[in-house]
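Okay, structure first, notes after.
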Amino acid sequence: KVFQFQFALTMVAVLVAFIVACTVQDSPLKAVQMLWVNLIMDTLASLALATELPTSDLLLRKPYGRTKPLISRTMMKNIIGQAVYQLTVIFSLLFVGDKMLDIPTGRGAEFGSEPTQHFTVIFNTFVMMTLFNEINARKIHGQRNVFQGFFTNPIFYSIWIGTVLSQVFIIQYGKDAFSTKSLTLEQWMWCLLFGFGTLLWGQIVTTVPTRKIPKLLSWGRGHPEEYTNAINLGGREE
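Going by this note's numbering, the residue at position 189 of the sequence shown is 187; the numbering climbs one at a time, nothing skipped.
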């Protein structure tokens, strides 16, 4: 669960940083904002997802063999699917979001200028999509009801709600410390709408048959003989 969540988030963050640096030459996601995102990803979300209790469905599945891929095709489908949605939303907001929301553009701003609502909307939307995708990441075997057992883990929903409240404080009052500018209610609604969209998009991704995903996209597959030979070879070299 943690790996699926972190992989999707890292993929989006890296691609956004690289592509934006090559095109706009100014990132909408500032360094201190990425530190906050990393705190969500590496600490808060990891703690929340790692404390998920096993369900009775676990007894209905066959044991997961040691030769099975570390990342299954279902997990890779979820990772790529969410990355496509989030990248589409972020780049749409970057290039046409200022016109859509009728706000001054943040592109081409001078170095050291005040934070803009345009880039703040992008940052806030990215965090909202990350938080809602955290709910999607609770299920890694193609289950549709991602809210099943949501309230059986108080650690998860306490961290999730606390992170949302912290994000509200950062956006409205962070200002220069977090390179943000307070947003209006309408702008917040757009950010939440795009964030909630990850849940709806997750249902569409789940509908795609896993058998349509190439086996090459599953990582970590191997055979016991390969591991045994590697161990024996290492022993002889010593």
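The beta carbon of each residue, even a glycine, is placed where N, CA and C say it ideally should be.
Cβ atoms of Ser177 and Val30: under 8 Å apart, would you say? In this structure, Ser177 lies closer than 8 Å to Val30 by Cβ.
Would Pro(-1) and Ile157 be called neighbours here (beta carbons separated by less than 8 Å)? Sequence check: residue -1 is Lys here, not Pro. Ile157 sits away from Lys(-1), with the two beta carbons spaced by 8 Å or more.
Would you mind sorting Phe117 into buried or exposed? The rule is 16 or more other CB atoms within 10 Å of its CB. By the beta-carbon neighbour count (other beta carbons within 10 angstroms, threshold 16), Phe117 is buried.
Can you look up Ile69 in the DSSP assignment and give me helix, strand or coil? Here Ile69 sits in strand by DSSP.
Could you name the residues of the same chain whose beta carbon sits closer than 7 Å to that of Phe149, not counting the 5 residues immediately before and after it, in chain order? Sequence-distant Cβ neighbours of Phe149 in its own chain, meaning closer than 7 Å and more than five residues away, are Tyr155.
Assuming Gly79 contacts Val203 under a Cβ cut-off of 8 Å, what Cβ separation, rounded to an integer in Å, is found between them? Right, the Cβ-Cβ distance comes to about 4 Å (below 8 Å), so this counts as a contact.
Should Asn134 be labelled buried (16 or more other beta-carbon atoms within 10 Å of its own) or exposed? Flag for Asn134 reads buried.
Would you mind stating whether Val125 and Leu181 have Cβ atoms separated by less than 8 Å? Their beta carbons are not under 8 Å apart, which means Val125 does not touch Leu181 by this criterion.
Which one of Lys28, Glu108 and Phe121 has the shortest CA to CA distance from Val87? Phe121 is the residue among Lys28, Glu108 and Phe121 whose C-alpha sits nearest the C-alpha of Val87.
In chain order, what residues of the same chain lie with their CB nearer than 6 Å to the CB of Gly195, ignoring the 5 residues before and after it? Excluding residues within five positions, none has a Cβ falling inside 6 Å.
The stretch 31 to 46 in contact with the stretch 91 to 111 per 3-pair CB rule at 8 Å: Judged by pairs of C-beta atoms under 8 Å, the stretch 31 to 46 does not touch the stretch 91 to 111, as fewer than three such pairs exist.
Is Asn36 helix, strand or coil when you go by DSSP? Helix.
For Lys97 and Thr49, I'd like the C-alpha separation in whole angstroms. Cα to Cα, Lys97 sits roughly 42 Å from Thr49.
Spatial neighbours of Val18 in its chain, beta-carbon cut-off 6 Å, leaving aside the 5 residues before and after: Excluding five sequence positions before and after Val18, the CB atoms of its chain that fall closer than 6 Å to its own CB belong to Ser25, given in chain order.
For Leu181, which three-state DSSP category applies? Coil at Leu181, not helix or strand.
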